[in-house]
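Here full-length UniProt numbering is used: the first residue of the sequence shown is 1, the next is one more, and so on. Positions of the beta carbon are idealized from the N, C-alpha and C atoms, including for glycine. Right, one structure below, let's go through it.
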Amino acid sequence: MYNLIIIRYGEINLKGDNKHDFIGQLIKNIDHAIADLGDFEITTVYGRIFLHAESSVIEELLRRIVKLPGIVSASPAVDFKLNKAVSDFSDEDYKKLKEKALKLFKTEVKNYPCSFKVETNRADKSFPIKSPKLNAEIGSAILTNIESEEKALQVDVHNPDHLFEIEITRGKIYLFLRRESGPGGLPVKSSGQALLMLSGGIDSPVAGWYALKRGLKIGAVYFHSPPYTSERAKEKVKELAKVLSQYGGEIKVQIPYFTEIQQQIVKKCPEKYTITIMRRMMVRIANHLAENNGQKALITGESLGQVASQTLEGIQATDDVSTLPILRPLITADKNEIIKLAKKIGSYEISIRPYEDCCTVFIPEEPVTKPILKIVRAKEEALKIESLIENSLEKMEILNLK
Ligand code: ATP
Ligand code: MG
């Protein structure tokens, strides 16, 4: 029986003059995420966005919307149609409101015994009935009726199973029973654009999700080394990009051909420096792509101390070849925290499928953990860096995933 979704945003409220740009971006993102389901009316009222739709699509709309950065929570709701000012709310209207509240409760609450509580937010003070009175009377109307059907229902004001909310804002009355949490943060694109270095592992998709949550629009780059890394590894990356697109819209994935670069590194550079040099090559290419795409930063899934290359010295060795800032959202996160989030966002099951990582295929016995910049730069001179990058980009594949 729902006919709208109430969407709440949090941090955007703290924005000053450009608050409307953030809200405008969020509305665009909502629109984009649901466009294939139909044409829906979106309205805004003080601190809220309302998405109007038929009840048959509400659950699907809600499922998509609660993924969008910038949204703190969303509630499927019904509005109580009152064709006059709320200050003229009559006894007759009150009777109808009680009936509507009861109907909503009965449609939504199926499992008994359970407990509930009615809570009113009377933002519009011209509504004549005060909140405590409304809570008590609507609550009692629901309770008596359900009890008359011999179902076990209780009022619990501290820890109810169901919180029945009534919101009276700007001359309108809304009823709802659920608040679904969103990720919070800022609307995608409101912070600009960046390029995610996306491998098939657990970490980088989570790093990408964090970047989306802070309002970055992302593209992705995946370095592919056939035949050392298989088609299957590439499929994983594609699926991970699709998962991320549920949060941030379509994602352009660029797949440079990395085989020749790796072969040359293994052939021409000392074994213990191969990983460091390989990462520097990735970062050089990523910089080149990002600059052409209009992206202002790179994002990686690195976490301090997690593997041999993720030391401060290792980070310095990659930063050394980057003109763009490299964002590392997971730098201080533990693996178990990352795994927990990966499960929540839906990337974990894809990430743990077996695959060959282009880093592990050529992994040296004893990689240097504290690479010294001067030495790395010197060892790299054995490579024809410019032409290797050119070849790698010539064979690059580009996909748009959603
Ligand atoms: P992940 O779980 O994200 O693969 P990891 O713990 O395996 O990370 P590394 O393999 O050292 O760590 O990679 C560190 C970061 O470098 C990754 O998080 C990712 O951002 C980037 N990266 C590694 N391999 C690739 C690749 N083949 N293509 C694109 N980016 C990559
Ligand atoms: Mg990896």
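query, result
"Completely contained beta strand (DSSP E) runs for the segment 159-209, where each covers 3 or more residues", "162-169, 172-176, 192-197"
"Residues of its chain near I299, where Cβ-Cβ distance is below 6 Å and the 5 sequence neighbours each way are ignored", "A194, L196, A207, A211, L327"
"Rounded Cβ spacing between I338 and S309 (contact assumed at less than 8 Å)", "No, I338 and S309 are not in contact; Cβ-Cβ is about 17 Å, not under 8 Å."
"At least three beta-carbon pairs within less than 8 Å, the segment 274-287 to the segment 311-318", "yes"
"E165 burial status per 10 Å Cβ neighbour count (16 or more: buried)", "buried"
"Extent of the continuous alpha helix (DSSP H) run through Q25", "19-34"
"Environment of N29 [buried if 16+ CB atoms lie within 10 Å]", "buried"
"For D79 and G47, the rounded distance between their alpha carbons", "17 Å"
"For S181 and I142, the rounded distance between their alpha carbons", "26 Å"
"Contact belief for I34 with R64 at Cβ below 8 Å, rounded distance in angstroms", "6 Å"
"Classification of T229 by the beta-carbon crowding that lies within 10 angstroms, buried from 16 upward", "buried"
"The alpha helix (DSSP H) enclosing G219, as first and last residue numbers", "Looking at the DSSP string, G219 is not in any alpha helix (DSSP H); the run it does join, the beta strand (DSSP E), is 216-221."
"Backbone CA spacing between E147 and K103 [nearest angstrom]", "14 Å"
"Short CB-CB distance (under 8 Å) between R328 and chain D", "In the structure shown, chain D cannot be found, because there is only a single protein chain."
"Inter-stretch contact at 8 Å, needing at least 3 Cβ pairs: the segment 374-384 / the segment 234-253", "no"
"Nearest residue (CA-CA) to I23, options L153, D17, I12, P364", "I12"
"Contained alpha helix (DSSP H) runs [length at least 4] in the segment 245-291, N- to C-terminal order", "259-268"
"R280 versus K395: straight-line alpha-carbon distance, rounded", "19 Å"
"Contact set for E108: own chain, Cβ-Cβ below 7 Å, skip 5 residues either direction", "L177"
"Short Cβ contact (8 Å threshold) for T311 with T259", "no"
"K340 - partner residues in DSSP beta bridges", "Paired residues: none, contrary to the question."
"D161 versus C114: straight-line alpha-carbon distance, rounded", "6 Å"
"Burial state of N83, where buried means 16 or more other Cβ atoms lie within 10 Å", "exposed"
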